[in-house]
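**Student:**
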Amino acid sequence: MIRSLVLWLTLAGAAGMAAAAEPPPGAAVASAHPAATEAGIEILEAGGNAFDAAVAVSAALAVVEPQGSGLGGGGFWLLHQAGSGRNVMVDGREEAPAAATEDMYLDEDDDYVSSRSKNGPLAAGIPGEPAALAHIAEKYGELTLAESLAPAIRLARDGFAIGDEFVTLLHWRATTMKTVGGVAGELFLPGGVVPDAGFVLKQPALADTLTRLAEQGRDGFYTGPVAQALVDGVRAAGGIWQLSDLADYDVIERAPIVSSFRDMTLIGAPPPSSGGVVLAEALNILDRLPWSGLSEFKRKHLVVEAMRRAYRDRAAYLGDPDFVDMPIDRLISGDYAAGLRVGISLERATSSDSLAPATADVSRGTDTTHFSVMDAAGNRVAATLSVNYPFGSGFMPAGTGVVLNNEMDDFSAKPLTPNGYGLIGTGANAIAPGKRPLSSMSPSFVEAPDRTLVIGTPGGSRIISMVLLGILEFAKGADARAIAALPRYHHQFRPDHIYFEPDALSDAERDALKAMGHALELSDRDYGDMQVVIHDRAGNRLETGSDPRGIGVGAVLPVEDRN
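Mature numbering (1 follows the signal peptide of the UniProt record, and there is no 0) puts the sequence shown at residues -20 to -1, 1 to 543.
1) Out of 525, 431 and 414, which has the shortest C-alpha to C-alpha gap to residue 519?
2) Would you call the stretch 110 to 120 in contact with the stretch 450 to 463, where contact means no fewer than 3 C-beta pairs closer than 8 Å?
3) Short of 8 Å in beta carbon distance, which residues of its chain neighbour residue 132, apart from the five on each side in sequence? Order them along the chain.
4) Mind reading off the beta-carbon distance from residue 374 to residue 164? Whole number of angstroms is fine, and I expect it under 8 Å.
5) Is residue 47 helix, strand or coil when you go by DSSP?
6) List the whole-angstrom C-beta distance separating residue 262 from residue 295, where the pair is believed to meet the contact cut-off of C-beta under 8 Å.
7) Run through DSSP, which three-state label would residue 520 get?
8) Which class does residue 368 belong to by DSSP, given the choice of helix, strand or coil?
9) In the structure shown, what three-state DSSP assignment does residue 21 receive?
10) For residue 531, which residues in the same chain have their Cβ closer than 8 Å to its Cβ, ignoring the five residues on either side in sequence?
11) What's the gap between the Cα of residue 66 and the Cα of residue 60?
12) Specify whether the stretch 351 to 368 and the stretch 20 to 34 touch according to this definition: at least 3 beta carbon pairs, one from each stretch, less than 8 Å apart.
13) Could you name each continuous alpha helix (DSSP H) segment of 4 residues or more that falls completely within the stretch 102 to 182, going from the start of the chain to the end?
14) Can you tell me whether residue -17 is buried or exposed, with buried defined as 16 or more other CB within 10 angstroms of its CB?
15) Quick check: the Cα distance between residue -12 and residue 30, rounded to an integer number of angstroms?
16) Look at the alpha carbon of residue 526 and the alpha carbon of residue 488, and state the distance between them as a whole number of angstroms.
17) If you draw a straight line from the C-alpha of residue 419 to the C-alpha of residue 3, how long is it?
18) Would you call the stretch 498 to 511 and the stretch 462 to 470 in contact, with 3 or more CB pairs under 8 Å?
19) What does DSSP give as the partner residue(s) for residue 67 in the beta ladder?
20) Can you tell me whether DSSP reads residue 472 as helix, strand or coil?
21) Nearest by alpha-carbon distance to residue 244: which of 34, 427 and 173 is it?
22) Thinking C-alpha only, which one of 70, 64 and 63 is nearest residue 363?
23) Would you identify the three-state DSSP class for residue 281, choosing helix, strand or coil?
24) Buried or exposed for residue 221, going by 16 or more other Cβ atoms inside 10 Å?
25) Return the chain-ordered list of same chain residues with a C-beta closer than 6 Å to the C-beta of residue 62, the five sequence neighbours on each side being excluded.
26) With a cut-off of 8 Å on the beta carbons, I'd call residue 253 and residue 422 a contact; round off their distance for me.
27) So residue 214 and residue 104 are supposed to be a Cβ contact under 8 Å. How far apart are they, rounded?
28) By a C-beta neighbour count over all protein chains shown, 10 Å radius and 16 as the cutoff for buried, is residue 542 buried or exposed?
29) Can you grab the Cα-Cα spacing for the pair residue 305 / residue 412, in whole Å?
30) Tell me the DSSP secondary structure of residue 418 in three-state form.
31) Classify residue 281 as buried or exposed, calling it buried when 16 or more other Cβ atoms lie within 10 Å of its own Cβ.
32) Considering only the alpha carbon of each residue, which of 6, 332, 122 and 321 lies closest to residue 546?
33) So, with DSSP's three-state summary, where would you put residue 437?
34) Within a Cβ cutoff of 6 Å, which residues of the same chain sit near residue 187, ignoring the five residues on either side of it in sequence?
35) Where does residue 432 sit, in a helix, a strand or coil, going by DSSP?
36) Buried or exposed, going by whether 16 or more other CB atoms sit within 10 Å of the CB of residue 515?
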């Protein structure tokens, strides 16, 4: 089931034709877990294309990274078809149930109760990932859905050894799983305790659910026994799902946001992702600023000022395009960026208070995962998937093996009230039945004259700024590994400070930025898990970069000489 295509820019289908002229010398996969990368390579070796590999990687991540994504969540799959040069985004974002209301997370005093939108089944939107996998396999793949899901089914039945990060995040969500988690606690907390790294986790119920999906397509999840078990479990624990919510869920194909920066073309995710718009706006602001000759800290100051303004507009205008009219063309235009540049000083930080507020009456993820794939024909996929918080809502309905998301927290539960990632929103992102919450997930392609970048990362509100820094580094000629490892800093309008990793700013840069009026907040740990593939046409080679902050792996599968 597919809703009609939503077109933002007519350029979306034609962008990248020149870039696709020379096919890569092989195929490549970069994902956040070695087993998921293996699954993608296995499918490519079996004759699958990049889209089959994307299905395999997505499903494998659902098994080995339930803290970041899964069948109980959703995501965005940005696809490029090499033959036609067409770019399209498969929107498998979660939807609010039909019984959802705008004030469902407010108490009798009209105050936001954050635990209601974060923990347990009331926090869960209707999942989109299973429908997206079935859709991609049927419309774009060379193999059957069952063939592409086989590695994930095997992983779920045979098990895998959990790692240190898995254990850390289990500790963080253990109390929720014990109190409102359904059978999640029984699976992930054997004997009521968090297991040690190396514990082999087997998920037979998830294997059964994946098998039904493989045999019956989307109906194996959205109707029949699995759907009934999901709804029964949710409603028994205080949730509001109905069978019709699942039966009525549709994948939506959307045309990407296409913009330019210097001599490059950016193909980004459209709403309900905010990524493509915010990236385009920030890069447009930076495009005409006096970049050359500036010190490094002055350049970082300008990047922060661009982030500040683009994130402000994210809060004010963006939401689900099926519910909200948004001024997309204006936000990504050069003239609009020129007006924003006027207010940027080379010597002083702008106070967010001095910008036009993101008013409440405007009309309109370490807990997510990303992978990048390219095949030998030049087809490519950038996919960012999520269940929102680590292990989503912490809730698993009995008999399904499916951890449900808590993506309802991505709505603006109350105008200008920060969500779990500190992001504010307005009526454009208010809760409504069937509506998809605004997301920061930013799967992206960048096409330069002699190189093509496939990029994305988890990281909640910091996703867009990480991808922005990666694109700027790509523009400087950096390779895939350097881009994935780049130290990171971030500004999102509210709160009004630069958030940064320890290595992102030197002591001298910190002092200089403070002197300009910037407030700084040091991150207590590294963040993000970026996965990068680059096709270097000039050098006829493929590169992968898997974030050294995580355990992910990039792999290249060469092909025989084409002659």
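C-beta: ideal position from N, C-alpha, C; glycine also.
Note that the coordinates shown come from a computational prediction; the quantities given were computed from them, not determined experimentally.
**Tutor:** In this structure, then:
1) 431
2) no
3) 19, 36, 39, 40, 42, 43 and 190
4) 6 Å
5) coil
6) That belief does not hold up - the Cβ atoms of residue 262 and residue 295 are roughly 14 Å apart, past 8 Å.
7) coil
8) coil
9) Shown here, residue 21 sits in a helix according to DSSP, grouped into three states.
10) 12, 13, 14, 143 and 145
11) 6 Å
12) yes
13) Here the runs fully enclosed are 109 to 120, 125 to 138, 144 to 160 and 164 to 168.
14) Low confidence applies to residue -17: its pLDDT is 33, below 50, so where it sits in the model is not reliable enough to give any reading.
15) Here the model assigns residue -12 a pLDDT of 35, short of 50, so the residue's position is not dependable and the matter cannot be decided.
16) 30 Å
17) 32 Å
18) Look at the beta carbons and you see the stretch 498 to 511 touching the stretch 462 to 470: at least three pairs across the two are nearer than 8 Å.
19) 60
20) coil
21) 427
22) 70
23) Three-state DSSP puts residue 281 in a helix.
24) buried
25) -1, 357, 358 and 359
26) 7 Å
27) Between residue 214 and residue 104, the beta carbon gap of about 7 Å places them in contact (Cβ cut-off 8 Å).
28) Low confidence applies here, because residue 542 scores a pLDDT of 39, under 50, leaving its location unreliable and the question unanswered by this model.
29) 15 Å
30) coil
31) buried
32) Coverage of the chain is limited to positions -20 through 543, which leaves residue 546 absent and any answer about it impossible.
33) coil
34) 133, 136 and 137
35) strand
36) Residue 515 should be labelled buried.
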